[in-house]
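Trainee: Got a structure for you, written out below as structure tokens; questions coming shortly.
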Amino acid sequence: MSTINKVEAEHDSQFLAFSTVIHIDSQKMIRRLCKHFAHKVNARWSSERGHIEFDMGFCDMNGSGDQLDLRCGANSGAELKEIIDCIDSHFLRFAKGVECSPQWNLMNS
Numbered sequence: 000m001s002t003i004n005k006v007e008a009e010h011d012s013q014f015l016a017f018s019t020v021i022h023i024d025s026q027k028m029i030r031r032l033c034k035h036f037a038h039k040v041n042a043r044w045s046s047e048r049g050h051i052e053f054d055m056g057f058c059d060m061n062g063s064g065d066q067l068d069l070r071c072g073a074n075s076g077a078e079l080k081e082i083i084d085c086i087d088s089h090f091l092r093f094a095k096g097v098e099c100s101p102q103w104n105l106m107n108s
């Protein structure tokens, strides 16, 4: 089991959000997001997976070709919104002209 798989398996949160973005270079987006956030928080990535550990929660990414799956989690709705807003703003900046953005599905357990 890779380090990223181990980290993902350890993260279950009360509040979760999921999104699938298509028509994006998933490997490039994972690398850009993780590399950017690694300057401030813990982030790990490979060509197909990424994990960002924020103070208030996490964001896991899985990519394959032109599809990127995102899974974010936190222990409160407010913290989850903060993570989603942060990922959204950086996603749009790094997408550079590509007309796509995450559309989130929220869950709480």
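Per numbering that gives the first Met the number 0, residue 0 is the first one in the sequence shown, and the count goes up by one each step. All residues carry an ideal CB built from backbone N, CA and C; glycine is no exception. Everything numeric in this text was worked out from a predicted model, so none of it was measured.
(1) Would you tell me roughly how many angstroms separate the C-alpha atoms of residue 3 and residue 36, rounded to the nearest one?
(2) Judging by CA-CA distance, which residue of 64, 65, 95 and 31 is the nearest neighbour of residue 51?
(3) Counting only runs that start and end within the segment 51 to 94, where is the beta strand (DSSP E) found for 3 or more residues in a row?
(4) Taking 6 Å as the limit between beta carbons, can you name the residues of its chain near residue 22, skipping five residues before and five after?
(5) Put residue 100 into one of helix, strand or coil per three-state DSSP.
(6) Considering only C-alpha positions, which residue in the set 38, 95, 71 and 88 is nearest to residue 111?
(7) Between the C-alpha atoms of residue 91 and residue 54, what's the straight-line distance to the nearest angstrom?
(8) Could you have a look at residue 29 and say whether DSSP puts it in helix, strand or coil?
Mentor: Quick answer:
(1) Since pLDDT at residue 3 reaches only 48, below the 50 mark, its modelled position is unreliable, and the value read off the structure follows with that caveat. Taken atom to atom, the span from the alpha-carbon of residue 3 to that of residue 36 is near 16 Å.
(2) Checking every option, the nearest Cα to that of residue 51 belongs to 31.
(3) For secondary structure counted as the beta strand (DSSP E) over 3 or more consecutive residues, the segment 51 to 94 holds these complete runs in sequence order: 56 to 63 and 66 to 73.
(4) Cβ neighbours of residue 22 beyond the five flanking positions: 65 and 99.
(5) Coil, per DSSP.
(6) Beyond the ends of the chain as shown, which are 0 and 108, falls residue 111; an answer cannot be given.
(7) Note on geometry: alpha-carbon atoms of residue 91 and residue 54 lie some 22 Å from one another.
(8) Helix at residue 29.
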